[in-house]
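All remarks here apply to the structure that follows.
Number of protein chains: 2
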Amino acid sequence: IVQIEHLQKHYQMGDTIVRALEDISFTMLTGEFWSIMGPSGSGKSTLLNLLGCLDQPTDGLYRLGGIDVSEMDDDELSEIRNERIGFIFQSFNLIQQLTVLENIEVPLFYMGWDPTDSRDRAQELAEKVGLGDRAGHRPRELSGGQQQRVAIARAMANDPLILLADEPTGNLDSKTEAEILAMLQELNEQGKTVIVVTHELKVAEIANWNLSMRDGLIDAVRGPEDS
Amino acid sequence: IVQIEHLQKHYQMGDTIVRALEDISFTMLTGEFWSIMGPSGSGKSTLLNLLGCLDQPTDGLYRLGGIDVSEMDDDELSEIRNERIGFIFQSFNLIQQLTVLENIEVPLFYMGWDPTDSRDRAQELAEKVGLGDRAGHRPRELSGGQQQRVAIARAMANDPLILLADEPTGNLDSKTEAEILAMLQELNEQGKTVIVVTHELKVAEIANWNLSMRDGLIDAVRGPEDS
Ligand SMILES: Nc1ncnc2c1ncn2[C@@H]1O[C@H](COP(=O)(O)OP(=O)(O)OP(=O)(O)O)[C@@H](O)[C@H]1O
Ligand SMILES: Nc1ncnc2c1ncn2[C@@H]1O[C@H](COP(=O)(O)OP(=O)(O)OP(=O)(O)O)[C@@H](O)[C@H]1O
Ligand SMILES: [Mg+2]
Ligand SMILES: [Mg+2]
Numbered sequence: 015i016v017q018i019e020h021l022q023k024h025y026q027m028g029d030t031i032v033r034a035l036e037d038i039s040f041t042m043l044t045g046e047f048w049s050i051m052g053p054s055g056s057g058k059s060t061l062l063n064l065l066g067c068l069d070q071p072t073d074g075l076y077r078l079g080g081i082d083v084s085e086m087d088d089d090e091l092s093e094i095r096n097e098r099i100g101f102i103f104q105s106f107n108l109i110q111q112l113t114v115l116e117n118i119e120v121p122l123f124y125m126g127w128d129p130t131d132s133r134d135r136a137q138e139l140a141e142k143v144g145l146g147d148r149a150g151h152r153p154r155e156l157s158g159g160q161q162q163r164v165a166i167a168r169a170m171a172n173d174p175l176i177l178l179a180d181e182p183t184g185n186l187d188s189k190t191e192a193e194i195l196a197m198l199q200e201l202n203e204q205g206k207t208v209i210v211v212t213h214e215l216k217v218a219e220i221a222n223w224n225l226s227m228r229d230g231l232i233d234a235v236r237g238p239e240d241s
Numbered sequence: 015i016v017q018i019e020h021l022q023k024h025y026q027m028g029d030t031i032v033r034a035l036e037d038i039s040f041t042m043l044t045g046e047f048w049s050i051m052g053p054s055g056s057g058k059s060t061l062l063n064l065l066g067c068l069d070q071p072t073d074g075l076y077r078l079g080g081i082d083v084s085e086m087d088d089d090e091l092s093e094i095r096n097e098r099i100g101f102i103f104q105s106f107n108l109i110q111q112l113t114v115l116e117n118i119e120v121p122l123f124y125m126g127w128d129p130t131d132s133r134d135r136a137q138e139l140a141e142k143v144g145l146g147d148r149a150g151h152r153p154r155e156l157s158g159g160q161q162q163r164v165a166i167a168r169a170m171a172n173d174p175l176i177l178l179a180d181e182p183t184g185n186l187d188s189k190t191e192a193e194i195l196a197m198l199q200e201l202n203e204q205g206k207t208v209i210v211v212t213h214e215l216k217v218a219e220i221a222n223w224n225l226s227m228r229d230g231l232i233d234a235v236r237g238p239e240d241s
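Shown next, in the form of structure tokens:
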């Protein structure tokens, strides 16, 4: 479902170039569960943003479901992002003026869901992540881990084919973390492709495939047989 | 150095009350190294904000260095925050328009440091956290873990007596995390009081005292003899 060939991402900063991704190539199949690990600054979030169609590479090829993403126009990209991809951001990216429920509903609003249905779905997801009683509150009134959980609920709202999670448990205690990881495993068992950026070994272990990065390059790829 | 008695913090939300801190009492001595753990939403950040004089309790007593903090006026509080307390925020709170160096210099600016001295100190700290080559860049151009490291450098800039860290390694890989933890230990060995909120056992283990929270209350206090 994901085909990456010689992907590159540079940022021109005055007269220096920051090479976030040097030359990345790999293939991921539908329904696989991948973890991406690597040192701070090695390019994990950059790669995830490209996979999530939130950004375009400087060079290289990205095929999603067989279609060259760089050939798509803004509307097609937008449709893919809203309907098929769920994204949990490293810094949550919640909308401060909206309540917990409204934040979770955002993807459903874009897909034209009936307001009553989307409200019900959002309430159900809020309870699933343990925030049912905070549904009417705003991000600024929540703890770090609570905000992270709203971001997680939002990413699951549109029942996406691919779930991209950038360090989804960094602000959670181990019990809550275990609940979130169980949710991700459940989604994967339903056939969804799950890609998690993490630097915690216990999170990487629930994936069956692992990509290690270093300085914008792939350091290693491990699959189920490599135990 | 820190004396807390029956501290409470409530938020009135329409007609519900969120009791972030119910009734907290404890004492911390100068030069001790404390970790604070507990489930997401249990009140850790709220407590740390009160300790850091960033907020006032709804009720209860907080004595810092023998002085009742609730008796202090804004100028005195401001002076304490700038000169004696270093704070690493859970969401970094970097100033987006300032560069890495300028962000680190902020506390020194408030203390009236000579601009050349403060620039040198900031550069030294940037290198210490591995960001010497990103000194002129802005937070938006940095990875999550890099932003966290800028926040850490800023907290150490004014050589504070008390360092308060809210989940300072949540976005860092294990190697970088080990470097940051070594820095905290080093500061503690120099006599500084260090208080770290974390939900990682390996971070809690470098402290010699541990406070466990649950639902706005203290669940347990462990010291060196409790192994
Ligand atoms: N400004 C606010 N208004 C209303 N409720 C708040 C506010 N700030 C915090 N709370 C609530 O107080 C409780 C404690 O929050 P706090 O941020 O201290 O938790 P925490 O232990 O740091 O959690 P985490 O591990 O998720 O960061 C939570 O239920 C939170 O939603
Ligand atoms: N907008 C930008 N402009 C310039 N450089 C950038 C930008 N975004 C990212 N970078 C740089 O690209 C490199 C990779 O960043 P990325 O955010 O992908 O790292 P990461 O692996 O997610 O790190 P972390 O674990 O700290 O979150 C870093 O050196 C970062 O500073
Ligand atoms: Mg990142
Ligand atoms: Mg917190």
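One line per chain: the protein sequences are H and Y, in this order. In this text, residue positions in the first sequence follow this note's numbering: the first is 15, and each later residue adds one. In this text, residue positions in the second sequence follow this note's numbering: the first is 15, and each later residue adds one. Just so it is clear, CB atoms sit at the ideal spot from N, CA and C, and this is done for glycine as well.
Which chain H residues are close to residue i, counting only those with a beta carbon under 9 Å from its beta carbon?
i      : result
Y/N172 : The contacting residues do not exist; Y/N172 stays about 25 Å from chain H at best.
Y/E219 : Within chain H, no residue comes near Y/E219; the closest Cβ sits about 14 Å away, beyond 9 Å.
Y/H151 : M27, V32
Of the choices the options, whose alpha-carbon is the least far from that of residue i?
i      : options                        : result
H/D240 : H/G230, H/D229, H/M227, H/W223 : H/W223
H/E181 : H/G159, H/R228, H/P174         : H/G159
Y/R228 : Y/L195, Y/G57, Y/H151, Y/G80   : Y/G57
H/T44  : H/S226, H/L65, H/E119, H/V16   : H/V16
H/I166 : H/R148, H/S226, H/L195         : H/L195
Y/E93  : Y/L175, Y/D37, Y/G230, Y/Q204  : Y/L175
Y/A234 : Y/I38, Y/L178, Y/L198, Y/H24   : Y/I38
Y/R168 : Y/W127, Y/A192, Y/K216, Y/I118 : Y/I118
Y/D147 : H/G80, H/V32, H/I220, H/E19    : H/V32
H/H20  : H/L122, H/G74, H/N96           : H/G74
H/G237 : H/L62, H/E46, H/K23, H/D29     : H/E46
Y/I18  : Y/L64, Y/I220, Y/D128          : Y/L64
H/I99  : H/L78, H/S84, H/G144           : H/L78
Y/P71  : Y/A34, Y/R95, Y/E141, Y/T41    : Y/A34
H/S157 : H/D187, H/N172, H/P129, H/K142 : H/D187
H/G126 : H/N172, H/L68, H/S226          : H/N172
Y/M197 : Y/P129, Y/A221, Y/H213, Y/L215 : Y/A221
H/E191 : H/G144, H/G230, H/E155, H/N202 : H/G144
H/D69  : H/R95, H/W48, H/I81, H/G80     : H/R95
H/E193 : H/K23, H/E141, H/L122          : H/E141
Y/A179 : Y/I81, Y/L61, Y/G230           : Y/L61
Y/E214 : H/I81, H/D128, H/K189, H/Q137  : H/K189
Y/Q22  : Y/M42, Y/Y76, Y/F123           : Y/Y76
H/T212 : H/D82, H/G80, H/S59            : H/S59
Mind listing the chain H neighbours of residue i? Cutoff is C-beta to C-beta under 8 Å, in chain order.
i      : result
Y/Y25  : E155
Y/Q160 : S54, G55
Y/E141 : Residues of chain H passing the Cβ test: none, with the nearest at roughly 15 Å.
Y/E116 : Going along chain H, no residue has its Cβ under 8 Å from Y/E116, so there is no contact; the nearest lies around 16 Å.
Going along chain H, which residues have a C-beta under 7 Å from residue i?
i      : result
Y/K189 : P53
Y/S226 : Ordered by position in chain H, no residue passes the 7 Å Cβ test against Y/S226, which lies about 11 Å from the chain.
Y/E93  : Here the premise fails: no neighbours, minimum Cβ distance about 27 Å.
Y/E138 : What Y/E138 touches in chain H: nothing, since even the nearest Cβ is about 20 Å away.
Flag residue i as yes if its beta-carbon sits less than 7 Å from any beta-carbon of chain H, otherwise no.
i      : result
Y/S49  : no
Y/L186 : yes
Any beta carbon from chain Y within less than 7 Å of residue i's own beta carbon?
i      : result
H/N222 : no
H/Q104 : yes
H/H20  : no
Closer than 7 Å by beta-carbon distance: list the chain Y residues that pair up with residue i, in chain order.
i     : result
H/S59 : S157, G158
H/E90 : None at all; the shortest Cβ gap to chain Y is about 27 Å.
If residue i and residue j are in contact, beta carbons under 8 Å, what's the gap, nearest whole angstrom?
i      : j      : result
Y/G184 : H/G184 : 4 Å
H/L225 : H/F40  : 7 Å
H/L177 : H/L201 : 6 Å
Y/E85  : Y/L231 : The pair is not a contact, with the Cβ atoms about 26 Å apart (cut-off 8 Å).
Check the Cβ of residue i against every Cβ in chain Y and list those closer than 8 Å, keeping chain order.
i      : result
H/E119 : Near H/E119 there are no residues of chain Y at all, since even the closest Cβ is about 20 Å away, more than 8 Å.
H/E193 : Per Cβ cutoff of 8 Å: no residues; H/E193 is ~10 Å from chain Y at best.
H/E36  : By Cβ distance, chain Y contributes nothing, its closest Cβ being about 15 Å from H/E36, past 8 Å.
Residue i versus chain Y: which residues are under 9 Å apart at the beta carbon?
i      : result
H/E200 : Result: empty, since nearest Cβ-Cβ is about 20 Å, beyond 9 Å.
Given 8 Å as the limit, is there contact between the stretch 125-135 of chain H and the stretch 198-214 of chain H, that is, 3 or more CB pairs closer than that?
As far as the Cβ criterion goes, the stretch 125-135 of chain H does not touch the stretch 198-214 of chain H, which means the pair count is below three.
Can we say the stretch 156-176 of chain H touches the stretch 84-92 of chain H, given the rule of at least three CB pairs closer than 8 Å?
Under the Cβ criterion (8 Å, minimum of three pairs), the stretch 156-176 of chain H does not count as touching the stretch 84-92 of chain H.
I'd like to know if the stretch 36-56 of chain H and the stretch 104-113 of chain H are in contact, where contact means that at least 3 CB-CB pairs between them fall below 8 Å.
When C-beta atoms of the stretch 36-56 of chain H are compared with those of the stretch 104-113 of chain H, fewer than three pairs fall below 8 Å, so the two segments do not count as touching.
Given 8 Å, three or more beta-carbon pairs between the stretch 142-155 of chain Y and the stretch 109-128 of chain Y:
The answer is yes - the stretch 109-128 of chain Y touches the stretch 142-155 of chain Y, with three or more Cβ pairs under 8 Å.
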